[in-house]
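Participant: Position 312 (the sequence shown) corresponds to 292 in the working numbering; numbering is contiguous.
Quick reminder that beta carbons are idealized off the backbone N, C-alpha and C, glycines included.
Remember, it's a predicted structure, so these values are computed and weren't measured experimentally.
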Amino acid sequence: MCSRLHWFSRSQHLSVVALPFNLPELIADWDSLRSAMRRTTPDAFQRDEWAYLMSFLSPEQLMAPYREAFGSPIEAGGRATRLARPLGTVAVWLPNNVSLLGPLTLVLLTLTGNRMLFKTGSRSDDLTSAFLGFALAQLQAGPLRDILESRVTCETFERGDPRQTHMVEEADVRIVFGSDAAAASIHGAANPLKGVGFSFIDRQSQVWLEPQAVSDEVLGNLIRVFAIYGQAGCTSPRRVVLLEGTESQALELRDRILTLWPKVLRVSTQLHVASANTLALQWAAACGWNAAAAPNRQAVVGVGPIGLEAIDSPLFLPISPATVEEAIAQLPSNIQTLGHALVNPSDGRWLEIVATTGIKRFVPIRRMHHFASLWDGEQFWRRCFEEVEFDL
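(1) Based on Cα-Cα distance, which residue from F137, S12, S79, P217 lies nearest to R125?
(2) For F342 versus L318, is the C-beta distance shorter than 8 Å?
(3) On a Cα-Cα basis, can you pick out the residue from A121, M147, W330 that is closest to A321?
(4) Measure the C-alpha to C-alpha separation of L375 and L(-15) and round it to an integer number of angstroms.
(5) For M17, which residues of its own chain have a beta-carbon under 6 Å away from its beta-carbon, when the five flanking residues on both sides are left out?
(6) Around the Cβ of S216, are there at least 16 other Cβ atoms within 10 angstroms (buried) or fewer (exposed)?
(7) What does the Cβ neighbour count give for T145, buried or exposed, with the cut at 16 atoms within 10 Å?
(8) How about the stretch 23 to 43 and the stretch 133 to 140: do they share at least three Cβ pairs that are nearer than 8 Å?
(9) Measure the alpha-carbon distance for G57 versus G51 and round it to whole angstroms.
(10) Scan the stretch -7 to 59 and note each continuous alpha helix (DSSP H) run of 4 residues or more that stays entirely inside, going in chain order.
(11) Where are the beta strand (DSSP E) runs, 3 residues long or more, that stay fully inside the stretch 228 to 280, in chain order?
(12) Residues bridged to C134 by DSSP?
(13) Which residues mark the beginning and the end of the beta strand (DSSP E) in which P83 is found?
(14) Would you identify the three-state DSSP class for V194, choosing helix, strand or coil?
(15) Within 10 Å of its beta-carbon, does N257 have 16 or more other beta-carbons around it, so buried, or fewer, so exposed?
(16) In or out: A271 buried (at least 16 other Cβ within 10 Å) or exposed?
(17) Using the rule of at least 16 other Cβ atoms within 10 Å of the residue's Cβ for burial, across every protein chain shown, is D235 buried or exposed?
(18) Between the C-alpha atoms of I299 and G282, what's the straight-line distance to the nearest angstrom?
(19) For L107, count neighbouring Cβ atoms within 10 angstroms of its own Cβ and tell me buried if that reaches 16, exposed if not.
(20) Should L297 be listed as close to the ligand ATP, given that the test is whether its C-beta is under 7 Å from any heavy atom?
(21) Quick one: using the 10 Å Cβ neighbour count with 16 as the cut-off for buried, is R218 buried or exposed?
(22) Within the stretch 126 to 176, note down every full alpha helix (DSSP H) run reaching 4 residues or more, in order along the chain.
(23) Helix, strand or coil for Q211? Go by DSSP, reduced to three states.
(24) What do you get for A64, buried or exposed, if any count of 16 or more other CB atoms within 10 angstroms of its CB means buried?
(25) Do L74 and F157 have their beta-carbon atoms positioned less than 8 Å apart in this structure?
(26) Nearest-angstrom Cα distance between R154 and G175?
(27) Is the stretch 302 to 309 in contact with the stretch 170 to 184, if contact means three or more CB pairs nearer than 8 Å?
(28) If contacts are defined as beta-carbon pairs under 8 Å, then P294 and Q211 qualify, I think. What distance do you get, rounded to the angstrom?
(29) Could you give the residue range of the beta strand (DSSP E) that holds V187?
(30) Three-state secondary structure (DSSP) at T301?
(31) Mind pulling the beta strand (DSSP E) runs of 3 or more residues that sit fully within the stretch 314 to 357?
(32) With T108 as the anchor, note down where its alpha helix (DSSP H) starts and where it stops.
(33) Take D152 and list the residues in its own chain whose beta-carbon comes closer than 6 Å to its own, dropping the five residues that flank it on each side.
(34) Let me make sure I understand the geometry here. Which of E40, L3, T61 has the alpha-carbon closest to that of S(-11)?
(35) Hey, would you say S313 sits closer than 8 Å to G338, going by beta carbons?
(36) Quick check on the burial criterion: 16 or more other C-beta atoms within 10 angstroms. Buried or exposed for H349?
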């Protein structure tokens, strides 16, 4: 039974959201957790991941989904025209390659009042359970602790496990991060008369740069977003396109990135990473890339034509000079995020390009990994509620 009514206003329309907790108190609990997070970084998390989680828990970030879905929060009163309430159970299948998606999705879904079932990646670090355990160890009694203890289940199991069937049958909302085949299998097993499904499947992302917009700050952001997941992340750049640039400009860009790399990421290179990048350097050269390695073999960056296929190595970053028309023509069919550094991003031609291509997100490079309630063009967070027309 929902016990709290929360009012929102947009364009003279009033919406009421019924939740089993007090929303401001829940957000305050998440905000309070950031104090403990500042004191320590658990071994399971990279520093950049932990820092992003802390920023994600700000009250402004956590209220953003409600503002986008229902409007500005107001005091109770007036004539409501819509009532929203949690659907019931949300089941989430997490990928093996981007483990931070689990904690981020967990945070967003706690705001909906639904029960949550998570199937974590069987071949990746389980950051969801690690973050859940950290939060429970720090939180005092309150709505957030109650939710995390009683409404969240995290499990890891292999394909064919009966728990998979249980998740599918229980779910009112199915959210699948992973391969096309995995999403088809999960949604195909669901009762077609129950629930709604979202498939966040195999995607690729790119960075587009205009030479005049390239600064050391821009390149530092590029290095950071690429290095976290390399070629494996759906929001990591698989290719950097230097718009209207020349090969000599691309080579200069390559060398700037390689020089900046150890200054931006002040970490030692693990032996297996250096070995893999030594192989990548030779492989890239054999495939036609003008490639070079960062100091201590931290990464490999290559320059080649827009149509040249990138080699499959985790820390190989390809750069291709191209016209805008060539860049559009060579966009992969599964393009997701386009990170940009442009002289005039408000120029209407960029809006036209996004409108006429399959690009799902068009954001500054530093925001390529930023997760939100709108993802791959789907309002998955809002669909965790059912809305009732309410007219007196």
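Facilitator: According to the data block:
(1) Here residue 125 corresponds to residue number 145 of the sequence shown, with the count starting at 1. Per the Cα distances, S12.
(2) Working through the sequence shown from its first residue, we reach residue 342 at position 362. Working through the sequence shown from its first residue, we reach residue 318 at position 338. In this structure, L318 lies closer than 8 Å to F342 by Cβ.
(3) Counting from one through the sequence shown, the residue named residue 321 turns up at place 341. Checked all of A121, M147, W330; the closest Cα to A321 is W330.
(4) The first residue shown for the chain is -19 and the last is 372, placing residue 375 beyond what the model contains.
(5) The residue labelled residue 17 in the question sits at position 37 within the sequence shown. Closer than 6 Å at the Cβ level, and outside the excluded window around M17, lie M34.
(6) Position 236 of the sequence shown, counting from 1, holds the residue named residue 216. S216 is buried by the Cβ-count criterion.
(7) Here residue 145 is taken as the residue at index 165 of the sequence shown, counted from 1. Answer is exposed; the Cβ neighbour count stays below 16.
(8) no
(9) Numbered from its first residue, the sequence shown carries residue 57 at position 77. Numbered from its first residue, the sequence shown carries residue 51 at position 71. Cα-Cα distance, rounded: 15 Å.
(10) 3 to 19, 27 to 36, 39 to 50
(11) 270 to 273
(12) Within the sequence shown, numbered from 1, the residue matching residue 134 stands at position 154. F98, per the DSSP bridge assignment.
(13) The sequence position of residue 83 within the sequence shown is 103, counting from 1. Per DSSP, P83 belongs to no beta strand (DSSP E); it is in the alpha helix (DSSP H), 81 to 90.
(14) Position 214 of the sequence shown, counted from the start, is the residue given in the question as residue 194. Note: V194 maps to coil in three-state DSSP.
(15) For this step, residue 257 is matched to residue 277 along the sequence shown. With 16 or more other Cβ atoms within 10 Å, it is buried.
(16) Here residue 271 refers to the residue found at position 291 when the sequence shown is read from its first residue. The residue is buried, with at least 16 neighbouring Cβ atoms inside 10 Å.
(17) In the sequence shown, the residue the question calls residue 235 occupies position 255. Looking at its Cβ environment, which holds fewer than 16 other Cβ atoms inside 10 Å, D235 is exposed.
(18) Along the sequence shown, one-based indexing puts residue 299 at 319. Along the sequence shown, one-based indexing puts residue 282 at 302. Rounded to the nearest angstrom, the two C-alpha atoms are 6 Å apart.
(19) Taking the first residue of the sequence shown as 1, we reach residue 107 at position 127. Buried: at least 16 other Cβ atoms inside 10 Å.
(20) Questions concerning the ligand ATP fall outside what the structure shown contains, since it holds no ligand whatsoever.
(21) If you number the sequence shown from 1, residue 218 lands on position 238. So R218 ends up on the buried side.
(22) 142 to 150, 160 to 168
(23) By one-based count along the sequence shown, residue 211 stands at place 231. Helix at Q211.
(24) On the sequence shown, residue 64 is found 84 positions in, with the first residue counted as 1. A64 should be labelled buried.
(25) Taking the sequence shown and counting its residues from 1, the one referred to as residue 157 is at position 177. Taking the sequence shown and counting its residues from 1, the one referred to as residue 74 is at position 94. Against a cut-off of 8 Å, the Cβ pair of L74 and F157 comes out as a contact.
(26) Position 174 of the sequence shown holds residue 154. Position 195 of the sequence shown holds residue 175. Cα-Cα distance, rounded: 7 Å.
(27) no
(28) Indexing the sequence shown from 1 puts residue 294 at position 314. Indexing the sequence shown from 1 puts residue 211 at position 231. Rounded, the Cβ-Cβ distance is 5 Å, consistent with contact.
(29) Reading the sequence shown from its first residue, position 207 is the one you call residue 187. From DSSP, the beta strand (DSSP E) with V187 extends over 184 to 189.
(30) Translated into positions along the sequence shown, residue 301 becomes position 321. Thr is not the amino acid found at residue 301; the sequence shown has Pro there. Strand at P301.
(31) 315 to 321, 341 to 344
(32) The residue you call residue 108 lines up with position 128 of the sequence shown. Here the alpha helix (DSSP H) through T108 covers 107 to 118.
(33) As a position in the sequence shown, residue 152 is number 172, starting the count at 1. The residues are L67, G68, T69, G175.
(34) Looking up residue -11 in the sequence shown gives position 9. The candidate whose alpha carbon is nearest that of S(-11) is T61.
(35) Within the sequence shown, residue 313 is the residue found at index 333, counting from 1. Within the sequence shown, residue 338 is the residue found at index 358, counting from 1. Contact: yes.
(36) Locating residue 349 in the sequence shown gives position 369, where the first residue counts as 1. Buried, by the Cβ-count rule.
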